[in-house]
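All remarks here apply to the structure that follows.
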Amino acid sequence: MELLEKAQEFESRKMSNMSTSDRVEASREAKALILSINEVYKETKDPSLMDVMKRLTEKKKKIEKRLNGVPLV
């Protein structure tokens, strides 16, 4: 399954020293991967796919936190 290979490659990619445009691109790539894996998950209900989606979502949240900055409370 090539989706899982792409997800594995995305997870293993280093996220340090990224420019803002690189972060935006990585966030969009993560979103696309999550949505495509979700379509497969809806049909198969495979728990391992859910685990992959959770890990990707966690990484995506970290990227977006860095993009949006710390809120001034």
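Here my numbering is used: the first residue of the sequence shown is 646, the next is one more, and so on. No residue lacks a Cβ here, since even glycine has one placed at the ideal position from N, Cα and C.
Per DSSP, N662 is not a residue of any alpha helix (DSSP H), being assigned neither H nor E.
D691 carries a coil assignment under DSSP once its states are collapsed to helix, strand and coil.
DSSP, reduced to helix, strand and coil, places V697 within a helical segment of the structure shown.
In the pairwise beta carbon analysis, the segment 660-671 is classified as touching the segment 688-708: at least three pairs are separated by under 8 Å. Note that the C-beta distance between L648 and L678 is below 8 Å. In the displayed model, V685 falls within a helix according to three-state DSSP.
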